[in-house]
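The sequence shown begins at 105 in our numbering and counts up one residue at a time. Inspection log for the structure reproduced underneath, given as structure tokens.
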Amino acid sequence: MTRNFTKNFSWIFFLFFLIFTLGNNTSLFAQNQNCNQPINLFTSNISNFSVELNWDQDPSVEKYRIRYKKIAATSWNYQHNISNLNNYSLTGLSSDTIYIWQLKAHCDLANTNNSTWSVMDTFITTNYTVDCNGDPNGTAFIDSCGNCVGGNTGNVACIPFSPNVVVTLSNTDCDSL
Numbered sequence: 105m106t107r108n109f110t111k112n113f114s115w116i117f118f119l120f121f122l123i124f125t126l127g128n129n130t131s132l133f134a135q136n137q138n139c140n141q142p143i144n145l146f147t148s149n150i151s152n153f154s155v156e157l158n159w160d161q162d163p164s165v166e167k168y169r170i171r172y173k174k175i176a177a178t179s180w181n182y183q184h185n186i187s188n189l190n191n192y193s194l195t196g197l198s199s200d201t202i203y204i205w206q207l208k209a210h211c212d213l214a215n216t217n218n219s220t221w222s223v224m225d226t227f228i229t230t231n232y233t234v235d236c237n238g239d240p241n242g243t244a245f246i247d248s249c250g251n252c253v254g255g256n257t258g259n260v261a262c263i264p265f266s267p268n269v270v271v272t273l274s275n276t277d278c279d280s281l
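So, in structure tokens, the structure goes:
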């Protein structure tokens with residue numbers, strides 16, 4: 105019994121000594137959480153299939169992580185290792201759909217000093233008619249030759265040419281008396 109008490113006391117004394125010897129340096133025990141949560145989230149350039157996500161840039165951030173989903177979805181989609189910018193173009197979305205998104209900051213390359221997820225922001229993709237060039241609300245059209253022209257195509261409409269040749273045959277005998 106005395107031996108176990110001495111053994112336990114030794115460990116307690118060692119931990120006590122270690123904690124007080126280190127002083128205010130607690131980095132061995134807990135990671136300092138000084139990575140600020142991203143703020144002022146907003147969206148711009150919303151279209152049928154894409155959106156630009158924006159936020160206030162923080163110079164202490166190494167990279168960001170974005171998560172987004174359709175409002176009724178149960179699982180998130182992620183975009184990782186977003187460079188220290190203040191916006192990101194998100195593509196491959198569905199038209200006429202409500203999405204929610206959040207942003208997390210990573211303040212070191214080892215991903216040990218991270219912020220919490222930002223507040224949620226929402227956006228609704230548009231539902232514009234898509235022209236033959238794939239542009240939402242575009243002005244391209246199919247010309248009479250079957251080509252996609254106008255709008256952002258850089259192509260001009262063809263001039264249809266279909267000559268009409270009429271051949272009339274007669275049942276009158278030639279060179280007959």
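Glycine included, every Cβ here is placed at the ideal spot set by N, Cα and C. Computed from a prediction, not measured in an experiment: that's the story for all the values here.
* Any contact of the segment 168–177 with the segment 243–260, i.e. 3+ C-beta pairs under 8 Å? -> no
* Can you tell me whether Pro142 is buried or exposed, with buried defined as 16 or more other CB within 10 angstroms of its CB? -> Counting from 1 along the sequence shown, the entry for residue 142 is found at position 38. With 16 or more Cβ atoms within 10 Å of its Cβ, Pro142 is classed as buried.
* **Coarse secondary structure for Tyr232, derived from DSSP in three states** => In the sequence shown, residue 232 corresponds to position 128, counting from 1. Reduced to three states, the DSSP call for Tyr232 is coil.
* So, are the CB atoms of Thr243 and Gly254 less than 8 Å apart? -> As a working mapping, residue 243 is identified with position 139 in the sequence shown. As a working mapping, residue 254 is identified with position 150 in the sequence shown. Cβ distance < 8 Å, so Thr243 and Gly254 count as in contact.
* Asked: Any idea what DSSP makes of Val253, helix, strand or coil?
  -> For the purposes of this step, residue 253 is identified with residue 149 of the sequence shown, where counting begins at 1. The answer is strand: DSSP assigns Val253 an E or B state.
* To do: Indicate whether at least one CB of chain B lies closer than 8 Å to the CB of Asn185.
  => Among the chains in the structure shown there is no chain B, since it carries only a single protein chain.
* Asked: Which ranges does the beta strand (DSSP E) cover as unbroken runs of at least 3 residues, wholly within the segment 162–207, from first to last along the chain?
  -> Within the segment 162–207, complete beta strand (DSSP E) segments of at least 3 residues are found at 167–174, 181–187 and 191–195, given in chain order.
* Phe146 and Gly196: beta carbons closer than 8 Å? -> Taking the sequence shown and counting its residues from 1, the one referred to as residue 146 is at position 42. Taking the sequence shown and counting its residues from 1, the one referred to as residue 196 is at position 92. The answer is no: Cβ separation not under 8 Å.
* Asked: Using the beta-carbon count (16 or more within 10 Å), is Asp235 buried or exposed?
  -> Walking along the sequence shown from the start, residue 235 turns up at place 131. Asp235 should be labelled buried.
* How would you call Phe205, buried or exposed, if buried means at least 16 neighbouring beta carbons within 10 angstroms? -> Translated into the one-based positions of the sequence shown, residue 205 becomes position 101. The displayed chain sequence assigns Trp, not Phe, to residue 205. Residue environment for Trp205: buried (at least 16 other C-beta atoms within 10 angstroms of its C-beta).
* To do: Kindly indicate which three-state DSSP category Leu157 falls into: helix, strand or coil?
  => The residue given as residue 157 occupies position 53 in the sequence shown. Note: Leu157 maps to strand in three-state DSSP.
* Between the beta-carbon of Val165 and the beta-carbon of Ala209, is there less than 8 Å? -> Position 61 of the sequence shown, counted from the start, is the residue given in the question as residue 165. Position 105 of the sequence shown, counted from the start, is the residue given in the question as residue 209. Their beta carbons are under 8 Å apart, which means Val165 touches Ala209 by this criterion.
* To do: Could you tell me which of Thr276, Thr233 and Leu157 sits nearest to Leu194, measuring between CA atoms?
  => Here residue 194 is taken as the residue at index 90 of the sequence shown, counted from 1. Minimum Cα distance to Leu194 is reached at Leu157.
* CA-CA distance, Asp212 and Tyr182? -> Along the sequence shown, one-based indexing puts residue 212 at 108. Along the sequence shown, one-based indexing puts residue 182 at 78. Taking the straight line from one Cα to the other gives about 19 Å.
* Asked: To which residues of the same chain is Asn188 closer than 6 Å at the C-beta, ignoring the five residues directly before and after it?
  -> Residue 188 sits at position 84 when you count from the first residue of the sequence shown. Cβ within range, chain order: Val165.
* Could you have a look at Thr272 and say whether DSSP puts it in helix, strand or coil? => Position 168 of the sequence shown, counting from 1, holds the residue named residue 272. In the structure shown, Thr272 sits in coil (DSSP, three-state: anything other than H, G, I, E or B).
* **Buried/exposed call for Leu207, threshold 16 Cβ in 10 Å** => As a first step, residue 207 is located in the sequence shown; it is residue number 103 there, counting from the start. Counting Cβ neighbours within 10 Å, Leu207 comes out buried, since at least 16 surround it.
* On the three-state DSSP scale, how would you describe Ala214? -> The count along the sequence shown starts at 1 and reaches residue 214 at position 110. Residue state, collapsed to three classes: coil.
* **Phe245 - partner residues in DSSP beta bridges** => The sequence position of residue 245 within the sequence shown is 141, counting from 1. Answer is Val253.
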